[in-house]
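Please read the structure below before turning to the comments.
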Amino acid sequence: MLPGFDLALGFTLTYLCLIVLIPLSAVFLKTFTLTWPNFWEAVTSPRVIASYRLTFGASLAAALINAVFGLIVAWVLVRYRFPGRRVVDALVDLPFALPTAVAGIALTALYASNGWIGRWLEPLGLKVAFTPLGVFVALTFIGLPFVVRTVQPVLEDVQRELEEVAATLGATRWQTIHRVLFPIVLPALVTGFALAFARALGEYGSVVFIAGNMPMISEITPLLIITKLEQYDYAGATAIAVVMLVASFALLLAINMLQTWARRRAGGV
Amino acid sequence: MDATTLAVPKVAMDRPADRRARSAPSPTTEPAWVRRLLIGVALGFMTLFLFVPLAAVFVEALKKGFGVYLAAITEPDALSAIKLTLLAAAISLPMNLVFGVAAAWAIAKFDFRGKNVLLTLIDLPFSVSPVIAGLIYVLVFGLQGWLGEWLRDHDLKVIFAVPGIVLATVFVTFPFVARELIPLMQAQGQDQEEAARVLGASGWQMFLRVTLPNVKWALMYGVILCNARAMGEFGAVSVVSGHIRGQTNTMPLHIEILYNEYQFAAAFAVASLLAGLALVTLALKYVVERRVASARSEAV
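Keeping their order, the protein sequence lines are chains H and S. Every letter in the first sequence is one number past the one before it in our numbering, and letter 124, counting from 1, is 196. Every letter in the second sequence is one number past the one before it in our numbering, and letter 264, counting from 1, is 269.
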């Protein structure tokens, strides 16, 4: 029997409680100071509802775009050889490494009406910076690595023999991809999508610069929490935080279940 | 994958051989034009969303010349922001490192009830919005918070001061080291440690000479990721900082202030330092990742 179990577990639990669990419980306990009608009003006022709609809508759209393009990026990185592949592979993680505030101001500068990209979109009638579209762009930026990095290892593990078998049985390449490879990758793809979605829901730094933050139009829910805090409306801020926490915990649960499903599929060949 | 997905050879087998050879040169890869198209789409998407924004940071930073750039990163407020960022990382890193090692030791080397719950709880900070991470400490240590009055009576400040910034940083980087160590140490098992004990090593000798060398690259990997996030955190720190110039501004917060004052070149100059850090992080990560992969394959 190895030593140190009591010490290690004791320290782990103490640290976890002090840093994470006790402060997090403050959010829930604080909302109990509100009466139910007050709580309901705080989390369903029109401005808050508009922010949920934007946050969930833009997060969902960004996660979907990332699922499509992330799958293509993962496929290209695993299957094809081209100059600079390793650099591109390493740079996929850029959104993890680049501070969100840096990403935020860079994207804003690019998509502003005089920016590198914005000046080409403006004549087409497309305004990105300071509109809900900007929120979508920022959330797409931060979500990409989640899809690529969950799909990539699964694609790498695919046994090439499966594809050869399918080809010998007469399947066209497209049939092999869509009937053999896609079902193998699907659980990872859905997990990556869910991770990107979950991250986008809580994202703040990259969005506030490009969003313009107009109430009812381009104001995300995390920003609303900060606005309430600045107005010393602690109870109101906390009530919205509870709604967001419950949504993220539900997603976390869904992601855990997805990963169990993926493992069972991978194991049960 | 089950057999039914494979057993669908609905394609006509009597296609002329020549046509087949022309349309699909190799049955397990795609035609060249499809390959090129997909590479083009992937690179195009990444260029638009990743490379161009990264390049923009450096171009905007140097737009007004090198003199302006240098002035922006050496003015007193910028220097104090850099110092505070380094301080917050220097405190939160060792804390989460010790925690990560302790958690991994308990979880990977021993069996106990509730292990899966503990694993989920360790990952919890990743699924909490950074804004909420800041909010929870305001609720505990803020003036209206649980400990607010006690802190005020003892002349201590946590929120709108450095301790709050450190706490928020610790929270958002909480799982990094632990989640790198746990899978590796689980794969390595306890044979080597048990052998060290049988041979008469003390607990610390075993830990320092057997366990630590076995996990050093994974540890390093966790520390690199932890550091990048610690130095770059914006949302959580923004809530607890109070934005006092020269006192409670970290680099990301300093960038925000400069940007909101329309000092774009200065904002991007400070941002370029963090972007440089991100690139160094990616390079280190790339190198260390291979060492971790080889440690893991040795363990299996």
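Glycine is no exception: its CB is placed at the ideal position from the N, C-alpha and C atoms.
Between residue 255/H and the set 146/H, 230/H, 93/H, the nearest pair of CA atoms involves 230/H. The C-beta of residue 138/H has 16 or more other C-beta atoms within 10 Å across all chains shown, which makes the residue buried. Under the three-pair Cβ rule at 8 Å, the stretch 114–128 of chain S does not count as touching the stretch 285–297 of chain H. Distance from the CA of residue 279/H to the CA of residue 171/H, rounded to the nearest whole angstrom, comes to 12 Å. Per DSSP, residue 294/S is one residue of the alpha helix (DSSP H) stretching across 269–304. The alpha carbon of residue 84/H has as its nearest neighbour, out of 111/S, 232/S, 201/S, the alpha carbon of 111/S.
Here residue 73/H is exposed: its Cβ has fewer than 16 other Cβ atoms, across all protein chains shown, within 10 Å. Shown here, residue 207/S sits in coil according to DSSP, grouped into three states, outside any helix or strand.
Closest in alpha carbon position to residue 196/S, among 114/S, 178/S, 168/S, is 114/S. Note that the C-beta distance between residue 238/S and residue 174/S is below 8 Å.
For residue 169/S, there are no neighbours in chain H by C-beta distance under 7 Å, as the nearest C-beta there is about 11 Å away. The DSSP-derived three-state label of residue 172/H is helix. By the Cβ criterion, the stretch 182–193 of chain S is in contact with the stretch 101–111 of chain S, since at least three pairs of Cβ atoms, one from each stretch, lie closer than 8 Å.
Between the alpha carbons of residue 88/H and residue 213/H lies a distance of about 31 Å.
In this structure, the alpha-carbon of residue 183/H lies about 5 Å from that of residue 201/H. The beta-carbon of residue 91/H is placed less than 8 Å from the nearest beta-carbon of chain S. The shortest C-alpha to C-alpha distance from residue 118/H to any of 330/H, 289/H, 318/H is the one to 289/H.
The three-state reading of DSSP puts residue 83/S in helix, counting H, G and I together. Counting the other CB atoms within 10 Å of its CB gives residue 276/H a total of 16 or more, which places it among the buried residues. Closer than 8 Å to the CB of residue 291/H there is not a single CB belonging to chain S. Counting along the chain, residue 59/S sits inside the alpha helix (DSSP H) bounded by residues 57–66.
Contact of residue 185/H with chain S is not assigned, every C-beta pair being separated by 8 Å or more.
Within chain S, no C-beta atom comes less than 8 Å from the C-beta of residue 110/H; the nearest is roughly 16 Å away.
If the five residues before and after residue 271/S are omitted, its C-beta is found closer than 7 Å to the C-beta atoms of 77, 263, all from its own chain and listed in chain order. Ranked by Cα distance from residue 292/S, the options 226/S, 250/S, 236/S are led by 226/S. The criterion of a C-beta distance shorter than 8 Å is not satisfied by residue 220/H and residue 129/H.
Shown here for residue 223/H: same chain residues with a beta carbon closer than 7 Å to its own, the five before and five after excluded, namely 142, 143, 146, 257, 260, 261, 264 in chain order. Residue burial annotation: residue 225/H is exposed, with fewer than 16 other C-beta atoms found within 10 angstroms of its C-beta.
In this chain, the alpha helix (DSSP H) harbouring residue 159/H covers 157–163. C-alpha of residue 32/S to C-alpha of residue 157/H: approximately 24 Å in a straight line.
Residue 206/S has its alpha-carbon roughly 40 Å from the corresponding atom of residue 168/S.
Pairwise C-beta distances place the stretch 232–252 of chain H in contact with the stretch 32–43 of chain S, as three or more of them are shorter than 8 Å. Per the C-alpha coordinates, the member of 180/S, 90/S, 276/S positioned closest to residue 170/S is 90/S. DSSP, read as helix, strand or coil, puts residue 305/H in coil. Taking a Cβ-Cβ cut-off of 8 Å, the neighbours of residue 125/S in chain H comprise 324, 328, given in sequence order. With a threshold of 8 Å between beta carbons, residue 191/H makes no contact with chain S.
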